[in-house]
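Comments concern the structure below.
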Amino acid sequence: MITERLANPELAELEVGGVTRASFLVRGAVAAAAVYGTAAAAPFVSSALGATSDVDILNFALTLEYLETDFYQVKAKTVGLTGLAAHDVANFGVEEAAHVAALTAAIKQSGGTPVPKPTFVFPVSSSSSFLKLAYTVENLGVSAYNGAGPLLQSKALLAAAGTIVQIEARHAAAIGLLIGESPTPSGGFDTPKNMSQVLAAAGPLIKK
Amino acid sequence: MPTNLEAQEDEHVPQTRGIVEELVRDDVGRKKFLKAVGTAGAASFGAFVLAACGSSSTTTTTKTKAAAPTTTTAAASVPASFGAGDIGILNYALTLEYLEKQFYAAVIAKKLFTGAVGSLVAEFGQQESEHVAALHATVLKLGGTPAAEPTGKFPITTAAAVAKLAYTVENLGAAAYLGQAAHISNPTVLAAALSIHTVEARHAATLATLVPGGHVTPTGAFANPADAATVLAAVKPFIA
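Chains A and W, in that order, give the protein sequences.
Residue 127 in the working numbering is what sits at position 19 of the first sequence, and the numbering runs on without skipping anything.
Residue 196 in the working numbering is what sits at position 187 of the second sequence, and the numbering runs on without skipping anything.
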């Protein structure tokens with residue numbers, strides 16, 4: 109079960125190196141992982157992330173949006189979604205793709221290079237497990253944007269990120285309702301996550 | 010006059026650093042959005058952002074003059090009656106949250122919803138109360154005076170009408186927070202506002218499922234911000 113994997117800190121830590129190698133930021137962490145092993149890279153990642161540039165943050169967001177787009181537009185076709193779930197997922201896929209396009213353009217406009225789209229692995233095969241993972245992923249997306257928002261130096265990019273995170277929150281709530289989970293899983297205040305926490309949680313879904 | 014370098018060392022000074030200045034306008038479609046992103050040079054990203062950037066709609070370069078560190082932002086994003094800077098924004102949000110809290114309390118008192126929907130409504134009302142408490146405490150912590158609680162008046166009639174009003178109110182609340190995000194100076198206050206913003210969005214999306222013609226994402230892939238003038242005009246009929 110993916111939720112078990114996400115809850116497994118040892119696995120998450122192992123995946124940090126792979127994620128970083130594959131597509132994410134923090135070049136130094138790669139070197140640290142190579143020399144000292146991936147476990148040693150984890151703390152390096154979190155300290156290095158403290159000095160992340162806006163382009164790095166946008167690339168971080170882009171990777172999550174790639175993940176969501178792939179999940180909704182490719183994986184979704186294999187799990188037999190029907191009715192409202194199929195309707196929502198189709199809409200959400202289009203919206204995530206728009207986020208990918210917007211972030212890609214914003215990175216280029218900022219003088220950066222968009223990260224390539226990684227290969228993802230989604231360990232789900234039924235509509236119910238798909239929706240459960242969708243709920244996890246959307247809530248993770250909200251936490252990621254909320255955690256990264258205050259790190260953005262550009263207020264214009266902060267406002268742009270805000271227009272996206274609100275959509276992720278709406279997706280999360282709608283999927284929660286579909287599967288009988290709370291639309292507000294952390295109560296009155298959404299819990300932000302820092303980038304290393306997000307990397308650790310998303311790691312098992314990123315193959316390369 | 011501070012130099013750009015000085016401004017960069019001050020985390021509270023809004024600035025643009027070779028960024029896309031024309032991005033999301035909620036009233037434009039995705040294609041227009043993307044076209045805007047692809048446009049070389051800076052243009053308006055939305056009045057709310059420009060104010061924060063100390064820029065202007067006629068700016069055509071990506072360089073923005075740094076605001077003087079002591080003045081924080083070029084223009085107040087909420088009426089002066091709420092206070093200055095972050096305190097003003099917090100008091101504006103507090104006023105909106107008071108109204109939401111009272112609205113849910115009135116709905117709950119009328120017992121219009123039962124079962125799972127009733128539970129959600131009760132939960133959302135509780136969360137609005139928590140927002141009130143958090144914002145009130147934050148204003149005090151920053152040395153400000155919390156805004157007085159307004160007296161709301163809401164048309165609590167049928168379940169269908171109330172659900173529609175709640176959907177409207179929550180969408181407005183989400184847009185209000187989004188409209189202020191770029192104006193907040195203190196990173197901790199910003200983090201708190203962001204954590205509330207997405208909860209308002211979750212409420213709106215939930216209520217969308219109760220309203221005929223309601224949409225989880227009524228503006229598509231990108232949410233619309235609303236400025237204080239728009240929001241305050243919209244809530245005026247609900248203040249006694």
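C-beta: ideal position from N, C-alpha, C; glycine also.
Because the structure is a prediction, the values reported are computed rather than measured.
#1: With which residues is Phe91 of chain W paired in a DSSP beta bridge?
#2: Taking Cβ-Cβ distances below 7 Å as the criterion, which residues of the region 183-212 of chain W are in contact with chain A?
#3: What is the rounded straight-line gap between the Cα of Val240 of chain W and the Cα of Ile248 of chain W?
#4: Under the rule that 16 or more other beta-carbon atoms within 10 Å means buried, what is Gly257 of chain A, buried or exposed?
#5: Take the Cβ of Ala75 of chain W as the centre, count every other Cβ of all protein chains shown within 10 Å, and call the residue buried at 16 or more, exposed below.
#6: Which term fits Thr177 of chain A, buried or exposed, when burial requires 16 or more other beta carbons within 10 angstroms of its beta carbon?
#7: Closer than 8 Å between beta carbons: that is the criterion. Which residues of the region 221-248 of chain W meet it against chain A?
#8: If we define contact as Cβ-Cβ less than 8 Å, is Ala214 of chain W a contact residue for chain A?
#9: Show which residues of chain A have a CB atom less than 9 Å away from the CB atom of His140 of chain W.
#10: Among all the DSSP beta bridges, which residues are the ones paired with Gly161 of chain W?
#11: So, is Ser90 of chain W buried or exposed, given that buried needs 16 or more other C-beta atoms within 10 angstroms?
#12: What does Asp196 of chain A reach in chain W if we use C-beta pairs closer than 8 Å?
#13: Helix or strand or just coil, what does DSSP make of Ile215 of chain A?
#14: Who does Ile314 of chain A pair with in a DSSP beta bridge?
#15: Apart from the five residues just before and just after Val273 of chain A, which ones in its own chain have a Cβ nearer than 8 Å to its Cβ?
#16: Between W:Gln111, W:Val220, W:Ala169, W:Thr218, which lies nearest to Ala162 of chain W when the distance is taken from Cα to Cα?
#17: Quick one: is Asp280 of chain A near chain W, going by C-beta distance under 8 Å?
#18: Assuming Leu187 of chain W and Gly296 of chain A are in contact, meaning their beta carbons sit under 8 Å apart, how far apart are those beta carbons, in whole angstroms?
#19: Rounded to whole angstroms, how far is the Cβ of Tyr174 of chain A from the Cβ of Lys225 of chain A, which I believe are closer than 8 Å?
#20: Measure how close the beta-carbons of Leu241 of chain A and Phe230 of chain A come, nearest whole angstrom, since I'm counting them as under 8 Å.
#21: Suppose the cutoff is 6 Å on Cβ atoms and the five residues either side in sequence are ignored; what does the same chain contact list for Ala175 of chain W look like?
#22: If we count Cβ pairs, one from each stretch, closer than 8 Å, do we get three or more for the region 166-186 of chain W versus the region 195-214 of chain W?
#23: CB Leu266 of chain A to CB Ala190 of chain W, shorter than 8 Å?
#24: Would you mind reading off the limits of the alpha helix (DSSP H) that contains Thr177 of chain W?
#25: Exposed or buried, Thr292 of chain A, counting other C-beta atoms within 10 Å across all chains shown (16 or more means buried)?
#26: Looking at chain W, which residues of the region 300-315 of chain A have a Cβ within less than 8 Å of any of its Cβ atoms?
#27: Is any beta-carbon of chain B found at less than 8 Å from that of Gln111 of chain W?
#28: For the region 255-270 of chain A, list every residue whose C-beta sits within 7 Å of some C-beta in chain W, in sequence order.
#29: Once the 5 residues before and after Thr218 of chain W are set aside, which same chain residues still bring their CB inside 7 Å of it?
#30: How about Leu172 of chain A and Ala277 of chain A: are their beta carbons less than 8 Å apart?
#31: Do Val187 of chain A and Ser235 of chain A have their C-beta atoms within less than 8 Å of each other?
#32: Helix, strand or coil: how does DSSP classify Val220 of chain W here?
#33: Return helix, strand or coil for Ile98 of chain W, following the three-state DSSP convention.
#34: Is the beta carbon of Val198 of chain W less than 8 Å from the beta carbon of Leu108 of chain W?
Walking through what the data contain:
#1: Looking at the DSSP assignment, Phe91 of chain W forms no beta bridge with any residue, so it has no partner.
#2: Residues passing the 7 Å Cβ filter: Ala183, Leu187, Ala190, Ala191, Pro196, Leu199, Ala200, Leu203, Ser204, Ile205, His206, Thr207, Val208, Ala210, Arg211.
#3: Using only the alpha carbons, I get a separation of about 13 Å.
#4: Taking every protein chain shown into account, the CB of Gly257 of chain A has 16 or more other CB atoms within 10 angstroms, so this residue is buried.
#5: Here Ala75 of chain W scores only 38 on pLDDT, less than 50, and its place in the model should not be relied on; the value that follows carries that caveat. With 16 or more Cβ atoms within 10 Å of its Cβ, Ala75 of chain W is classed as buried.
#6: Around the C-beta of Thr177 of chain A, 16 or more other C-beta atoms lie within 10 Å, and the residue is accordingly described as buried.
#7: For the region 221-248 of chain W, the set of residues with a beta-carbon nearer than 8 Å to any beta-carbon of chain A comprises Val225, Thr226, Gly229, Ala230, Phe231, Ala232, Asn233, Pro234, in chain order.
#8: For Ala214 of chain W, a Cβ of chain A is located within less than 8 Å of the residue's own Cβ.
#9: One finds Gly296, Phe297 in chain A with Cβ atoms closer than 9 Å to the Cβ of His140 of chain W, taken in chain order.
#10: W:Ile248, per the DSSP bridge assignment.
#11: Label assigned to Ser90 of chain W: exposed.
#12: Within 8 Å Cβ-Cβ: Val225.
#13: Ile215 of chain A falls in the helix class under three-state DSSP.
#14: Answer is A:Phe228, bridged to Ile314 of chain A.
#15: For Val273 of chain A, the CB contacts under 8 Å within the same chain, skipping 5 residues up- and downstream, are Gly249, Val250, Tyr253, Asn254, Gly257 in chain order.
#16: What sits at residue 162 of chain W in the sequence shown is Lys, not Ala. Checking every option, the nearest Cα to that of Lys162 of chain W belongs to W:Gln111.
#17: Per the sequence presented here, residue 280 of chain A reads as Ala, with Asp not at that position. Residue-level contact check: Ala280 of chain A touches chain W, since one or more beta carbons of chain W fall below 8 Å from its beta carbon.
#18: Not quite, the Cβ-Cβ distance comes to about 18 Å (not below 8 Å), so this is no contact.
#19: Indeed, because the Cβ distance is near 5 Å, the residues count as touching under 8 Å.
#20: Contact between Leu241 of chain A and Phe230 of chain A holds: CB atoms are separated by about 6 Å, below the 8 Å threshold.
#21: Residues of the same chain with a CB within less than 6 Å of the CB of Ala175 of chain W, apart from the 5 flanking positions on each side, are Leu216 in chain order.
#22: With the cut-off at 8 Å, the region 166-186 of chain W and the region 195-214 of chain W touch.
#23: Yes, the pair counts as a contact, with Cβ atoms nearer than the cut-off.
#24: 168-189 is the span of the alpha helix (DSSP H), which, as asked, contains Thr177 of chain W.
#25: Classification for Thr292 of chain A: buried.
#26: Within the region 300-315 of chain A, the residues whose Cβ lies closer than 8 Å to some Cβ of chain W are Pro300, listed in chain order.
#27: Note that chain B does not occur in the displayed structure, where the protein chains are A and W.
#28: From the region 255-270 of chain A, only Gly257, Pro258, Gln261, Ser262, Lys263, Ala264, Leu265, Leu266, Ala267, Ala268, Gly270 have a Cβ closer than 7 Å to chain W.
#29: Excluding residues up to 5 positions away in sequence, nothing lies with its Cβ nearer than 7 Å to the Cβ of Thr218 of chain W in the same chain.
#30: Taking 8 Å as the Cβ cut-off, Leu172 of chain A and Ala277 of chain A do not qualify as a contacting pair.
#31: Yes, Cβ-Cβ distance for Val187 of chain A and Ser235 of chain A is below 8 Å.
#32: Three-state result, Val220 of chain W: coil.
#33: DSSP, read as helix, strand or coil, puts Ile98 of chain W in helix.
#34: One thing to note: Val198 of chain W has its Cβ no nearer than 8 Å to the Cβ of Leu108 of chain W.
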